[in-house]
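Numbering (my numbering), first residue to last: 28 to 585. Note that the Cβ used here is the ideal one computed from N, Cα and C, for glycine as well.
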Amino acid sequence: MSPDSIRKVNVIGHMNPDTDSICAAISYAYLKNQIDGTETVYEARRAGAINRETAYALNHFGFKEPRLITSVAPQIKDLVVTPLQGIGLETSLHVAWNLMRDTVHGTLCITDDEGNLQGLVAVKDIANANMDILDTFVLSKARTSYHNVLDTLNGKMVVGNPDAVIDRGKLLIGTTPEMMDGLIVPGDTVLVTNRYETQRFALEAGAGCLVVCCGANITSVIRNLAEERGCAIIITPFDTYAASRLITMSIPVRAKMIPEEKIEFFSVHTAIEEARRIMARTQHRFFPVLDEDGNYIGVVGSANMLSYHKKHVILVDHAELSQTVDGIGEAEIMEIIDHHRVGTIETPGPIYYRCEPVGCTCTIIYEMFEEHGIDIPADIAGLMMSAILSDTLCFRSPTCTPSDVEAGYALAKICGEDPDTYSDAMFDAGADLTGRTADEVFNSDFKIFSRGDANFGVGQGSFMTKKSRRQAESLLQPYFEAASVSKELPVIFYMFTDIRSQTTEMLYYGPYAERLLMRAFDVKPKKGRVVLPGVVSRKKQVIPALMSAIQTFQEEQN
């Protein structure tokens with residue numbers, strides 16, 4: 028099977044990914060590749076920066092962090108790019124015009140030998156050049172090559188060097204010596220017919236090139252005189268009128284092109300929606316497309332935008348629209364594997380949706396390995412164990428179920444780790460604040476939720492010691508206001524969870540955050556915080572209580 032025929036599926040966790048989100052994506056991508064990887068390629072991706080706890084797990088078991096993905100909206104690479112060949116800078120307008128006619132494209136892209144985009148020429152550019160009849164210096168200003176002149180006029184050079192260029196003089200038509208007297212200056216290109224006296228007068232006046240029309244022959248005297256004076260002679264079968272119209276079309280496209288820095292072009296990574304907006308505000312019909320290395324590969328127009336391939340994704344560890352990558356509404360969601368509430372993501376048709384009330388997504392994935400009879404490698408087992416220990420706080424969280432414990436110890440046996448020793452090291456790594464900014468720590472595990480028209484966010488940090496917890500509180504509390512503004516959330520909560528004592532200190536920000544906490548947990552805040560003994564689970568203990576409190580407020584207002 029060729030690479031082009033293999034469908035790719037991105038396996039993605041939520042934004043601000045935690046350990047379960049990353050490890051579940053890697054583990055499930057591995058499982059899916061074992062099940063049907065001959066037909067489809069599954070790749071784990073991350074939707075944000077990984078935290079230090081997750082980095083510890085990845086490094087400990089020899090994994091690199093997955094590639095970042097922030098949007099699954101369709102891109103230029105998801106549609107068919109028209110493979111229109113580029114032309115060189117020295118290509119004549121005449122050749123370009125014929126290519127436009129033959130390919131039915133009103134735009135041609137100009138490239139160098141390495142495929143780098145140099146510019147663009149459109150029908151109107153050629154039309155404008157053809158209509159500028161008063162510019163008699165057009166050939167010399169463009170440093171037009173004799174090769175272009177010969178090709179355009181279907182001519183034959185009988186005197187001169189075809190590799191030379193016209194670099195001086197104007198273009199004129201020679202009629203009679205009397206009419207040309209005083210008009211010709213050295214270097215001019217003169218169109219003549221078979222009249223000997225006209226040809227000789229032009230030569231003696233210093234013409235740089237004679238274009239002899241109607242296929243007329245020249246005498247040996249004229250030939251010798253041209254060679255003596257360094258004047259090129261070209262014989263063309265076209266009459267004077269046709270030759271005068273055509274010769275200006277021999278100038279190179281570089282003289283009339285729109286340079287690269289002034290044109291709109293797309294990368295294969297450009298979102299289709301963005302490309303449509305750009306197309307709507309410009310007059311061009313076709314736009315160059317550059318590949319990942321910046322090389323020109325073809326063009327797209329409005330017709331190309333009508334059909335594209337949706338990106339295929341599997342979501343793990345979330346089912347909330349607010350927690351997923353941008354553009355999810357334009358992607359094809361194939362599966363959702365989760366252990367949270369049924370969220371706000373909608374699909375146009377039925378999909379495989381597996382959601383179980385367990386403490387960790389990787390517990391579900393462990394069950395799926397067992398169901399398919401696929402052996403779990405030690406490194407994958409280590410990641411899945413890390414996720415379970417993280418989400419269940421080493422089996423201390425009320426979200427922890429017997430299934431989590433069974434899976435955790437089974438995976439620990441496969442990877443050869445002691446859960447208690449390993450989890451202490453992993454949690455310590457996650458709590459280390461050395462060199463970290465408030466923004467980095469805040470977003471390491473922060474999720475956004477909604478109830479009706481109310482949006483709020485809840486972050487959580489897990490700490491092994493009171494000292495590390497206090498350090499995190501001091502760093503984050505001053506940042507809450509900035510986070511509220513940047514995330515456009517009126518209310519923010521942050522759980523500072525002490526793993527050993529199984530206690531959470533909840534800090535908050537927002538106009539009605541305190542009332543929500545009082546209603547949700549029947550507690551009275553002190554000094555801008557509430558202490559919640561026995562509360563360690565955001566999913567099971569905090570979010571349902573806050574949702575219920577918000578619903579009560581909304582009902583009272585109605």
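Mapping the DSSP letters down to three states, classify residue i as helix, strand or coil.
i           : result
residue 575 : helix
residue 529 : coil
residue 322 : strand
residue 581 : helix
residue 32  : Confidence is the limiting factor: at residue 32 the pLDDT is only 48, short of 50, which leaves the residue's position unreliable and the question unanswerable from this model.
residue 289 : helix
residue 71  : strand
residue 420 : coil
residue 81  : helix
residue 446 : helix
residue 352 : coil
residue 313 : strand
residue 433 : helix
residue 339 : strand
residue 195 : coil
residue 507 : helix
residue 168 : helix
Would you tell me roughly how many angstroms separate the C-alpha atoms of residue i and residue j, rounded to the nearest one?
i           : j           : result
residue 182 : residue 146 : 29 Å
residue 550 : residue 487 : 19 Å
residue 122 : residue 150 : 12 Å
residue 391 : residue 58  : 12 Å
residue 585 : residue 480 : 13 Å
residue 124 : residue 177 : 16 Å
residue 28  : residue 69  : Any reading at residue 28 must be qualified, since the residue scores a pLDDT of 34, below 50, and its modelled position is unreliable; no value is offered.
residue 314 : residue 291 : 7 Å
residue 525 : residue 511 : 25 Å
residue 552 : residue 339 : 46 Å
residue 519 : residue 501 : 16 Å
residue 192 : residue 275 : 14 Å
residue 79  : residue 484 : 21 Å
residue 344 : residue 535 : 25 Å
residue 212 : residue 231 : 10 Å
residue 548 : residue 575 : 11 Å
residue 382 : residue 395 : 12 Å
residue 302 : residue 308 : 10 Å
residue 247 : residue 185 : 11 Å
residue 30  : residue 281 : Note that residue 30 has pLDDT 39, beneath the 50 cutoff, so the model's placement of it is unreliable and no number is given.
residue 387 : residue 321 : 42 Å
residue 82  : residue 470 : 15 Å
residue 420 : residue 543 : 26 Å
residue 132 : residue 371 : 45 Å
Measure the beta-carbon distance from residue i to residue j and round it to whole angstroms, keeping in mind my assumption that it falls under 8 Å.
i           : j           : result
residue 523 : residue 565 : Contact flag wrong, Cβ pair sits at about 12 Å.
residue 170 : residue 139 : That pair is no contact at about 17 Å.
residue 295 : residue 137 : Wrong, their Cβ atoms sit about 20 Å apart, outside the cutoff.
residue 62  : residue 399 : 6 Å
residue 454 : residue 435 : Actually they are not in contact, since the Cβ atoms of residue 454 and residue 435 sit about 15 Å apart, beyond 8 Å.
residue 424 : residue 457 : Incorrect: roughly 15 Å between the Cβ atoms, too far for contact.
For residue i, which of the options has the nearest alpha-carbon?
i           : options            : result
residue 538 : 568, 531, 526, 555 : 555
residue 253 : 166, 527, 353, 236 : 236
residue 119 : 207, 283, 505      : 283
residue 332 : 107, 133, 280      : 107
residue 278 : 94, 436, 168, 530  : 168
residue 1   : 158, 323, 328      : Absent from the structure is residue 1, since the part of the chain shown begins at 28 and ends at 585.
residue 364 : 112, 353, 393      : 393
residue 376 : 557, 362, 174      : 362
residue 504 : 67, 466, 417, 198  : 466
residue 448 : 462, 225, 412      : 412
residue 272 : 199, 335, 460      : 199
residue 319 : 143, 225, 175, 572 : 143
residue 491 : 529, 470, 112      : 529
residue 368 : 527, 476, 262, 206 : 476
residue 60  : 349, 402, 464      : 402
residue 516 : 507, 482, 48       : 482
residue 134 : 105, 349, 316      : 316
Do we get a CB-CB distance below 9 Å when we pair residue i with the residues of chain D?
i           : result
residue 556 : Of the protein chains in the structure, only one exists, and it is not chain D.
Under DSSP, the alpha helix (DSSP H) around residue i begins and ends at which residues?
i           : result
residue 175 : 173-180
residue 495 : 493-503
residue 225 : 223-231
residue 204 : 204-207
residue 107 : Element bounds for residue 107: n/a, residue is neither H nor E.
How would you write the range of the beta strand (DSSP E) that residue i sits in, first residue to last?
i           : result
residue 145 : 144-149
residue 471 : Segment: none, residue 471 is in no beta strand (DSSP E) and carries neither H nor E.
residue 485 : 481-490
residue 363 : 359-365
residue 259 : 259-262
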